[in-house]
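Q: Below is a structure I'd like to ask you about.
2 protein chains.
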Amino acid sequence: MNDVARLAGVSIKTVSRVVNDEPGVHPSTAERVLAAIDQLGFRRNLSARNLRRGSSTGTIGLVLEDVGNPFYSGVTRAVEEIARLRGRQVISGSSDEDPGRERELALEFCSRRVDGLLIVPAGLQHSYLVPEMRAGTPVVFLDRPAGDVVADTVLVDNIGGTVEAVTHLAAHGHRRIAFLGDAPDIFTANERLRGYREGCVRAGIGYHEELVAMGPHDESSVATTLQRLQSLREPATAIVAGNNRITVHILRSLAGTTERPALVGFDDFELADLLSPPVTVIAHDASALGKAATDLLFARLDGDNSPPRRVVLPVRLVPRGSGEVHA
Amino acid sequence: MNDVARLAGVSIKTVSRVVNDEPGVHPSTAERVLAAIDQLGFRRNLSARNLRRGSSTGTIGLVLEDVGNPFYSGVTRAVEEIARLRGRQVISGSSDEDPGRERELALEFCSRRVDGLLIVPAGLQHSYLVPEMRAGTPVVFLDRPAGDVVADTVLVDNIGGTVEAVTHLAAHGHRRIAFLGDAPDIFTANERLRGYREGCVRAGIGYHEELVAMGPHDESSVATTLQRLQSLREPATAIVAGNNRITVHILRSLAGTTERPALVGFDDFELADLLSPPVTVIAHDASALGKAATDLLFARLDGDNSPPRRVVLPVRLVPRGSGEVHA
DNA sequence: GGCCACTATGACAACGTTGTCCCCCAGCGG
DNA sequence: CCGCTGGGGGACAACGTTGTCATAGTGGCC
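Heads up: the sequence lines are chains A and B, in that order.
Take the first sequence: its letters are residues 1 to 327, numbered as in UniProt numbering.
Take the second sequence: its letters are residues 1 to 327, numbered as in UniProt numbering.
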């Protein structure tokens with residue numbers, strides 16, 4: 001800006017006026033300034049501007065587990081969409097389920113003075129955010145609640161979903177329903193396990209430890225588990241999968257086998273309807289989750305300071321006929 | 001920092017020293033400062049720091065078509081990964097194939113003084129970036145080349161891929177091979193069409209206008225096109241799909257029909273191997289693309305100022321048996 | 001001509017940091 | 001007692017902006 005001012009033969013304040021479309025600049029002066037700007041390729045430094053004006057940085061931070069996972073990329077897209085409508089940029093990062101990494105990202109974003117934070121919590125300790133929240137940075141947790149702070153949270157109905165999955169399978173005559181879930185220290189995994197258990201009890205088929213295998217899971221551990229489940233004295237005839245990745249692992253393990261157990265997966269996924277058999281899922285909308293969380297965040301930015309809210313989004317069973325009809 | 005200094009009874013410079021682990025602060029003083037920092041929840045303002053030091057902002061900007069598309073979310077993930085190793089944050093935005101939006105995002109990122117830009121170009125005009133590039137911001141285009149500037153570019157072998165697809169189908173006896181591509185003003189769509197044409201010529205089956213349908217495509221336009229292709233006097237017996245979205249549209253349209261044409265899709269996608277029949281694809285690696293582009297960007301940041309490079313990543317045909325065997 | 005209103009412009013401070021330079025004072029040798 | 005040294009600490013400017021206030025010039029009106 002200094003250079004522009006010198007080249008145009010005016011003061012930097014006049015350049016500032018031109019750049020900001022402030023009134024009170026003679027057209028011919030403005031033209032000279034614009035020419036200089038063009039010639040030098042000048043672009044206003046937003047950081048300096050925000051610093052001086054004490055205004056918001058126009059950014060929001062998004063910490064999630066893995067942008068590469070279609071579920072989270074759907075969330076990201078929704079967040080970006082809303083942020084854009086409100087004139088904000090999104091800075092995002094993946095924690096890979098590592099609490100330390102999550103913390104690092106969140107605090108880095110705070111150092112950059114994001115206007116707000118959206119976090120898919122990786123661990124259970126979030127008190128590190130208390131100073132930031134007290135300092136006025138709104139934080140919304142999504143998909144999972146924070147461990148030890150009270151804050152806005154947007155979840156999906158994990159328990160209701162798995163209850164429904166089990167109920168659905170039991171209604172088709174299944175009595176030996178297995179559950180393959182993610183690592184039990186992950187909130188959603190644990191909730192879904194609870195829903196599974198409750199569903200079993202409600203359906204009157206009892207809860208059997210031997211039918212449950214919590215993760216972390218990879219392709220081979222899923223394969224092993226499936227073998228075990230089928231070699232039980234009373235083999236599992238149906239499976240509830242705890243998330244989209246596990247569902248896919250199961251599908252891959254079952255590929256080519258006849259005598260497939262019935263399957264209901266938590267999380268919908270593309271092409272689920274085109275597989276044969278198609279896969280019945282507990283569907284919930286990644287965009288809806290992202291949108292709800294971002295809306296909540298912006299409400300806080302708009303001055304809403306009511307007590308922290310917990311929003312639970314509905315899920316819905318999408319029956320596609322993945323072998324529920326019990327032979 | 002001012003408040004911290006006052007509370008600790010020292011000058012702000014001393015606080016700065018403590019925050020930056022600079023030597024020359026008495027341990028007891030440092031302790032007082034740290035206590036004050038803790039009490040006030042102080043966090044260093046990175047913008048101010050970078051402004052004063054004239055150092056990099058530690059961010060890179062990523063403009064792509066749609067983070068929600070699994071292909072681009074794979075790219076995003078790879079970019080993030082490398083950026084992280086180099087201590088940078090990623091700011092990203094989706095252009096939705098709108099050149100104006102792309103420009104807006106890119107320039108906004110420049111205003112934020114990103115260290116570098118990664119762009120999946122939406123349009124053909126990129127001269128707006130020339131001043132930024134001249135000012136020292138490295139720019140790497142990925143997936144498609146820039147319209148009217150010479151710059152680093154990372155592409156995949158679009159032509160080679162579609163040539164191979166056609167060759168593969170022709171080798172299985174197909175002579176009526178159709179091509180469904182994206183809008184022809186999109187670079188990749190156009191290249192793939194060229195490859196298709198060349199493949200047809202090489203295979204000696206000729207290029208027939210009636211077998212080509214360029215987009216933009218949605219579910220219903222694809223369905224209509226398929227009907228047309230099958231009602232030709234000499235119907236198409238095989239299809240090459242120009243990208244992952246079109247492949248999925250085709251699969252959905254064909255679902256439930258018998259007498260399916262053979263299909264080869266450009267872009268691999270999850271579960272392609274589990275469909276029945278599985279889908280043969282021209283595979284290329286989103287992470288490889290993201291990694292190559294980011295590596296190139298960092299090379300520039302490290303001072304490499306050799307002439308702009310164009311990297312073309314290989315693709316490979318993954319035969320899965322999607323009906324190539326011609327009845 | 002004197003005064004006012006108004007337009008166009010500039011000087012200066014400040015945002016939150018950090019780099020540079022300088023000062024104070026204790027300790028020590030002569 | 002003097003001068004020197006070095007550790008600990010502060011004053012001040014500057015990064016690139018913008019808000020506040022001041023000022024010079026112009027034209028109009030009584």
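A virtual CB, placed ideally from N, CA and C, is assigned to each residue, including glycine.
Can you give the Cα-Cα distance for A327(B) and E259(B), rounded to whole angstroms?
A: Below a pLDDT of 50, predicted positions are generally treated as unreliable, and A327(B), at 45, falls in that range; no measurement from the model is reported.
Q: Are the CB atoms of A286(A) and A135(A) nearer to each other than 8 Å?
A: For A286(A) and A135(A), no; Cβs fall outside 8 Å.
Q: Do you know whose CA, among P138(A), P27(A), G74(A), Q230(A), lies nearest I60(A)'s CA?
A: The option with the nearest alpha carbon to I60(A) is P138(A).
Q: Where R113(A) and P23(A) are concerned, what is the direct C-alpha to C-alpha distance, given to the nearest angstrom?
A: Rounded to whole angstroms, R113(A) to P23(A) spans 31 Å at the Cα level.
Q: Residue range of the alpha helix (DSSP H) that D3(B) falls in?
A: 2–8 is the extent of the alpha helix (DSSP H) around D3(B).
Q: A183(B): which of R300(B), M133(B), I177(B), L193(B) sits nearest, CA to CA?
A: Ranking the options by Cα distance to A183(B), first place goes to L193(B).
Q: So if DSSP puts F141(B) in a beta bridge, which residue, or which two residues, is it bridged to?
A: Its beta-bridge partners are I119(B), T153(B).
Q: From the DSSP output, in three-state form, read off S95(B) for me.
A: In this structure, S95(B) counts as coil in the three-state DSSP scheme.
Q: Hey, out of P319(B), V318(B), L313(B), whose CA is closest to V156(B)'s CA?
A: When only C-alpha atoms are compared, the closest one is L313(B).
Q: Note down, in chain order, every chain B residue with its Cβ under 9 Å from the Cβ of C200(A).
A: By Cβ distance, chain B contributes nothing, its closest Cβ being about 29 Å from C200(A), past 9 Å.
Q: Rank G93(A), G58(A), A122(A) by C-alpha distance to the C-alpha of G87(A) and give the top, closest one.
A: Per the Cα distances, G58(A).
Q: Can at least three beta-carbon pairs, one atom from the region 255–273 of chain B and one from the region 228–241 of chain B, be found at a separation below 8 Å?
A: Output reads yes: the region 228–241 of chain B touches the region 255–273 of chain B.
Q: Just reading off the alpha helix (DSSP H) that R134(B) is part of, what are its end residues?
A: Start and end: 130–134.
Q: Please decide whether I12(B) counts as near chain A, where near means a Cβ-Cβ distance under 8 Å.
A: No - not a single Cβ of chain A is within 8 Å of the one on I12(B).
Q: Given S16(A), which residues of its chain have a CB within under 8 Å of its CB, disregarding the five upstream and five downstream residues?
A: Counting only Cβ-Cβ distances below 8 Å, and skipping sequence neighbours, we find M1, E22.
Q: Is N50(A) close to chain B, meaning its C-beta is less than 8 Å from at least one C-beta of that chain?
A: Chain B contact via Cβ: present.
Q: Within this structure, are the beta carbons of T167(B) and G199(B) separated by less than 8 Å?
A: Their beta carbons are under 8 Å apart, which means T167(B) touches G199(B) by this criterion.
Q: Any idea what DSSP makes of I186(A), helix, strand or coil?
A: Of the three classes helix, strand and coil, the one that applies to I186(A) here is coil, per DSSP.
Q: Which of helix, strand or coil does DSSP assign to G321(B)?
A: Note: G321(B) maps to coil in three-state DSSP.
Q: Under the DSSP definition of a beta bridge, which residues are partnered with A262(B)?
A: In DSSP, A262(B) forms a bridge with A238(B).
Q: For S91(A), decide whether its Cβ has a neighbour in chain B, counting only Cβ atoms nearer than 8 Å.
A: Correcting the residue identity first, residue 91(A) is Ile in this sequence and not Ser. Closer than 8 Å: yes.
Q: Beta carbon of L297(B), beta carbon of L51(B): below 8 Å?
A: No, Cβ-Cβ distance for L297(B) and L51(B) is not below 8 Å.
Q: Taking G195(A) and T162(A) to be in contact with their CB atoms under 8 Å, please state how far apart those CB atoms are, rounded to whole angstroms.
A: That belief holds up - the Cβ atoms of G195(A) and T162(A) are roughly 3 Å apart, short of 8 Å.
Q: Which residue's Cα is closest to the Cα of S106(B): F141(B), T76(B), L85(B)?
A: Sequence check: residue 106(B) is Ala here, not Ser. Checked all of F141(B), T76(B), L85(B); the closest Cα to A106(B) is F141(B).
Q: T76(A) touches chain B at which residues, Cβ-Cβ below 7 Å?
A: Residues of chain B passing the Cβ test: V67.
Q: Taking 8 Å as the cut-off, does the region 2–15 of chain B touch the region 28–38 of chain B (at least 3 CB pairs, one atom from each stretch)?
A: Contact holds: three or more Cβ-Cβ distances are below 8 Å.
Q: Exposed or buried, R53(B), counting other C-beta atoms within 10 Å across all chains shown (16 or more means buried)?
A: Result: exposed.
Q: Suppose you measure from the CA of F179(B) to the CA of T257(A); what does that come to, to the nearest Å?
A: The straight-line gap from Cα to Cα measures roughly 34 Å.
Q: What residue range is occupied by the uninterrupted beta strand (DSSP E) comprising F179(A)?
A: That run of the beta strand (DSSP E) goes 177–181.
Q: Measure the C-alpha to C-alpha separation of G68(A) and P70(B) and round it to an integer number of angstroms.
A: If I take the Cα positions, the gap works out to 7 Å.
Q: Any C-beta of chain A within less than 8 Å: which residues of the region 132–156 of chain B qualify?
A: Cβ contacts with chain A come from E132, R134, A135.
Q: Tell me V312(B)'s beta-bridge partners as DSSP assigns them.
A: For V312(B), which the question treats as bridged, DSSP gives the partners L155(B).
Q: V90(B) bridges to which residues according to DSSP?
A: Beta-bridge pairing links V90(B) to S92(A), I60(B).
Q: List, in order along the chain, the chain A residues whose C-beta lies closer than 8 Å to that of T57(B)?
A: Correct list: S47.
Q: What are the residues that DSSP puts in a beta bridge with T280(B)?
A: Per DSSP, V264(B).
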